[in-house]
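Colleague: Going line by line, the protein sequences match chains U and H. First residue of the first sequence? That's 10 in this note's numbering, and the numbers climb one at a time after it. First residue of the second sequence? That's 2 in this note's numbering, and the numbers climb one at a time after it. Here a beta-carbon is modelled for each residue, glycine too, at the ideal position from N, C-alpha and C.
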Amino acid sequence: EAGVAQSPRYKIIEKRQSVAFWCNPISGHATLYWYQQILGQGPKLLIQFQNNGVVDDSQLPKDRFSAERLKGVDSTLKIQPAKLEDSAVYLCASSPFFGEGIYDTQYFGPGTRLTVL
Amino acid sequence: AQSVTQLDSHVSVSEGTPVLLRCNYSSSYSPSLFWYVQHPNKGLQLLLKYTSAATLVKGINGFEAEFKKSETSFHLTKPSAHMSDAAEYFCVVSRGAGNNRKLIWGLGTSLAVNP
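1. Give me the residue from U:Pro90, U:Leu123, U:Gln68, U:Asp72 with the minimum Cα distance to Leu42 of chain U.
2. Among H:Lys79, H:Tyr37, H:Ser13, which has the Cα closest to the Cα of Gly107 of chain H?
3. Any beta carbon from chain H within less than 8 Å of Phe107 of chain U's own beta carbon?
4. Taking all protein chains shown into account, decide if Ser27 of chain U is buried (16 or more other Cβ within 10 angstroms of its Cβ) or exposed.
5. Answer yes or no: does any C-beta atom of chain H fall closer than 8 Å to that of Phe30 of chain U?
6. Determine contact between the region 20 to 40 of chain U and the region 96 to 106 of chain U, defined as no fewer than three beta-carbon pairs at a distance below 8 Å.
7. Given a limit of 9 Å on CB to CB distance, which residues of the region 60 to 74 of chain H reach chain U?
8. Using three-state DSSP, classify Phe107 of chain U as helix, strand or coil.
9. Nearest chain H C-beta to Gln57 of chain U closer than 8 Å, yes or no?
10. Looking at the C-beta of Pro52 of chain U, does it have a partner C-beta in chain H at a distance below 8 Å?
11. Near Asp95 of chain U, which residues of its chain fall below 7 Å by C-beta distance, leaving aside the five closest residues on each side in sequence?
12. Going by CA-CA distance only, name the one from H:Asn62, H:Ser15, H:Ser27 that's closest to Glu72 of chain H.
13. Reducing DSSP to helix, strand and coil, say where Leu48 of chain U ends up.
14. In angstroms, rounded to a whole number, what distance separates the CA positions of Glu67 of chain H and Met84 of chain H?
15. Cβ of Thr18 of chain H within 8 Å of Cβ of Ala82 of chain H?
16. Please tell me whether Gln115 of chain U has its Cβ less than 8 Å away from any Cβ of chain H.
17. Starting from Arg122 of chain U, trace the beta strand (DSSP E) in both directions and tell me its first and last residue.
18. Assuming Thr52 of chain H and Ser33 of chain H make a contact with CB atoms under 8 Å, what is their CB distance in whole Å?
19. Give me the Cα-Cα distance between Phe117 of chain U and Asp66 of chain U, rounded to the nearest whole angstrom.
20. Give me the chain U residues within the contact set of Leu112 of chain H, using Cβ-Cβ distance strictly less than 8 Å, ordered along the chain.
21. For Leu100 of chain U, go through chain H and note every residue whose CB falls closer than 8 Å to its CB, in chain order.
22. Taking a contact to mean a Cβ-Cβ separation below 8 Å, would you say Ser10 of chain H touches Ile105 of chain H in this structure?
23. Residues of chain U with a CB under 7 Å from the CB of Trp106 of chain H: which are they?
24. Here's the rule I'm using: 16 or more other beta-carbon atoms within 10 Å means buried, otherwise exposed. How should Ile56 of chain U be labelled?
25. By the three-class DSSP mapping on this structure, what secondary structure does Asn33 of chain U have?
This is how it looks when you write it as structure tokens:
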């Protein structure tokens, strides 16, 4: 079974520029998550999709961050414009939607390391 | 409200000695609990999970964790550390129900394994 795919793996941009990240979840997984992980910290949930609907985006800085999941499969996360404090690893995860126990398990991609100069 | 506390930010052990990474949680109902591992420059990998079945949960790479409701703990152990176990470990509790179910992450414990 293929895992969660993310691209690019690394990105370096200047502040005020825009950047986009792409995620392809495990086939058949209904739920998709975007996390931000700042160096030395645990992951912070930015947004959670159930199919192509948003379940939780309470911690997404909506003035600069946006995300979409078209057709309930792939997803993109965009930052526009980027700030220095956005330097982090952006993780995508997916989970199936069967029973609660299985539903809980999230499978993570390798992440995209963003450096904002 | 659900929360999770990892009691040690950094643990150092010698190769071949036991590993103990401590985690306490608070939950208003029976939680789901997880341990994830993150090796340097790699994604997060599920080590094991507890979902109200057996209280002693066995995971990958020889790790196991015991759910102790009376102590609200879910400590991660391994009898004998290997150099490849050096990584960041996260204890995670699940809260909410249905579509609103989400994971609450601990701050992580960095495990160093010395030769």
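Modeller: Well, looking at it:
1. Residue mapping note: residue 42 of chain U aligns to position 33 of the first sequence, counting from 1. Note that residue 42 of chain U is Tyr in the sequence shown, not Leu. The candidate whose alpha carbon is nearest that of Tyr42 of chain U is U:Gln68.
2. Locating residue 107 of chain H in the second sequence gives position 106, where the first residue counts as 1. If we check each option's Cα against that of Gly107 of chain H, H:Tyr37 comes out closest.
3. Here residue 107 of chain U corresponds to residue number 98 of the first sequence, with the count starting at 1. Only weak support is given to the placement of Phe107 of chain U: the predicted model assigns it a pLDDT of 49, under 50, and the question is left unresolved by the model.
4. Along the first sequence, one-based indexing puts residue 27 of chain U at 18. That one is exposed.
5. Working through the first sequence from its first residue, we reach residue 30 of chain U at position 21. Not one chain H Cβ lies under 8 Å of Phe30 of chain U.
6. yes
7. For the region 60 to 74 of chain H, which is checked against every Cβ of chain U, not one residue is closer than 9 Å.
8. Along the first sequence, one-based indexing puts residue 107 of chain U at 98. For Phe107 of chain U, the predicted structure reports a pLDDT of 49, less than 50, and the residue's modelled location is therefore unreliable. The matter cannot be settled from this model.
9. Sequence index remark: in the first sequence, residue 57 of chain U carries index 48 (1-based). Chain H contact via Cβ: present.
10. For the purposes of this step, residue 52 of chain U is taken as the residue at position 43 of the first sequence. With 8 Å as the cut-off, Pro52 of chain U counts as an interface residue toward chain H.
11. Along the first sequence, read from residue 1 onward, the residue named residue 95 of chain U stands at position 86. Here Asp95 of chain U has Ile88, Leu123, Val125 as same chain residues with Cβ atoms under 7 Å from its own Cβ, once five neighbours each way along the sequence are excluded.
12. By 1-based counting over the second sequence, the position of residue 72 of chain H is 71. That would be H:Ser27, whose Cα lies nearest to the Cα of Glu72 of chain H.
13. Along the first sequence, read from residue 1 onward, the residue named residue 48 of chain U stands at position 39. Note: Leu48 of chain U maps to coil in three-state DSSP.
14. By one-based count along the second sequence, residue 67 of chain H stands at place 66. By one-based count along the second sequence, residue 84 of chain H stands at place 83. Cα-Cα distance, rounded: 23 Å.
15. Walking along the second sequence from the start, residue 18 of chain H turns up at place 17. Walking along the second sequence from the start, residue 82 of chain H turns up at place 81. Contact flag set, yes.
16. As a first step, residue 115 of chain U must be located in the first sequence, where it is residue number 106. So, interface residue.
17. For the purposes of this step, residue 122 of chain U is taken as the residue at position 113 of the first sequence. Boundaries of the beta strand (DSSP E) harbouring Arg122 of chain U: 121 to 125, taken from the DSSP string.
18. Position 51 of the second sequence holds residue 52 of chain H. Position 32 of the second sequence holds residue 33 of chain H. With a Cβ gap of about 5 Å, Thr52 of chain H and Ser33 of chain H count as contacting.
19. Taking the first residue of the first sequence as 1, we reach residue 117 of chain U at position 108. Taking the first residue of the first sequence as 1, we reach residue 66 of chain U at position 57. Each residue's alpha carbon lies about 19 Å from the other.
20. For the purposes of this step, residue 112 of chain H is taken as residue 111 along the second sequence, with counting starting at 1. Those within 8 Å of Leu112 of chain H in chain U number zero; the least Cβ separation is about 15 Å.
21. Looking up residue 100 of chain U in the first sequence gives position 91. Neighbours of Leu100 of chain U on chain H, chain order: Gly44, Leu45.
22. Looking up residue 10 of chain H in the second sequence gives position 9. Looking up residue 105 of chain H in the second sequence gives position 104. For Ser10 of chain H and Ile105 of chain H, no; Cβs fall outside 8 Å.
23. Within the second sequence, numbered from 1, the residue matching residue 106 of chain H stands at position 105. Within 7 Å Cβ-Cβ: Gly51, Pro52.
24. On the first sequence, position 47 is the one that residue 56 of chain U refers to. Counting Cβ neighbours within 10 Å, Ile56 of chain U comes out buried, since at least 16 surround it.
25. Taking the first sequence and counting its residues from 1, the one referred to as residue 33 of chain U is at position 24. Here Asn33 of chain U sits in strand by DSSP.
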